[in-house]
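Enquirer: Following the UniProt record's numbering, the residues of the sequence shown are numbered contiguously, the last one being 184. No residue lacks a Cβ here, since even glycine has one placed at the ideal position from N, Cα and C.
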Amino acid sequence: MAGGLPLFFWSDVPISLLAQLKPAELTQRKESMVEWWGIADTEQALGILNWLKQEGHRQKYQKLLKQNSLHWHRVFEAHPLPAVGAVQNIAAWDHVRSVCVARWSYDYGYISWEQAWPFIDAATHLALRDFDSWESFAASFLAGRLMWSPESESHGDLAEIVTYLVKSPDSPWRYVAWHDYPPR
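(1) Would the beta-carbon of Glu135 fall within 7 Å of that of Val166?
(2) Any contact between the stretch 129-144 and the stretch 87-98? By contact I mean 3 or more CB pairs, one from each, below 8 Å.
(3) Of all the options Leu26, Gln20, Leu70, which has the alpha carbon lying nearest to the alpha carbon of residue 211?
(4) What are the start and end residues of the alpha helix (DSSP H) that includes Asn89?
(5) Roughly how many angstroms separate the alpha carbons of Pro23 and Glu114, rounded to a whole number?
(6) Relative to the C-alpha of Ala123, which residue among Gly109, Arg74, Ser32, Phe141 is closest?
(7) If you follow the alpha helix (DSSP H) that Leu43 is in, where does it begin and where does it stop?
(8) Can you tell me whether DSSP reads Thr124 as helix, strand or coil?
(9) For Tyr110, is the classification buried or exposed, using 16 other Cβ atoms within 10 angstroms of its Cβ as the cut-off for buried?
Here it is, written out as structure tokens:
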């Protein structure tokens, strides 16, 4: 679940336990899932989760990053990113969202935990394959978010969250070593 922390913090979702939402809050969050993800049932949840796992935005944005790298690196430099050098991979944008959508789909009753866990596990293994640290994962997440919505006013908020996760001694990422995850 640690891979989903940037969006869990941003959406004010408890991270150490599975949410027990009040009916009004559950209704509001389900409406947000429809608005942001088009998810209102099991089939839609599994469809989005499979898309995030297999393709996501990374297919399109990785090509854009390679084709127009100077432009995107200027965009990245103009926004706060953890200092890890040049961003070469934006896959963390999809990995974070995969963990979050799986968790939210479970919380809202669209899928079972047995259905959610393989997506969370797969996103974690893909992240470990694609990145070498929380810092590079965080920079990739923010870069992917910038490519998805370059004009968003919420980028600064997400950058603050990610900076906290990377640098704060109280960050949950400090308690989860990057490679401390069971191999397959």
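Expert: Considering the structure as presented:
(1) The residue you call residue 135 lines up with position 135 of the sequence shown. The residue you call residue 166 lines up with position 166 of the sequence shown. The answer is yes: Cβ separation under 7 Å.
(2) Here the stretch 129-144 makes contact with the stretch 87-98; the two share three or more CB pairs at distances below 8 Å.
(3) One cannot answer for residue 211 here, as it falls past the ends of the chain, which runs 1 to 184.
(4) Sequence index remark: in the sequence shown, residue 89 carries index 89 (1-based). That residue, Asn89, is in no alpha helix (DSSP H); it is neither H nor E in DSSP.
(5) On the sequence shown, residue 23 is found 23 positions in, with the first residue counted as 1. On the sequence shown, residue 114 is found 114 positions in, with the first residue counted as 1. If you take the alpha carbons of Pro23 and Glu114, they lie about 24 Å apart.
(6) Position 123 of the sequence shown holds residue 123. Taking the Cα of Ala123 as reference, the smallest distance to any Cα among Gly109, Arg74, Ser32, Phe141 is reached at Phe141.
(7) Taking the first residue of the sequence shown as position 1, residue 43 is located at position 43. The sequence shown places Glu at residue 43, not Leu. DSSP places Glu43 inside the alpha helix (DSSP H), whose first and last residues are 42-54.
(8) By 1-based counting over the sequence shown, the position of residue 124 is 124. It is helical.
(9) Against the sequence shown, residue 110 aligns to sequence position 110. Under this definition Tyr110 is a buried residue.
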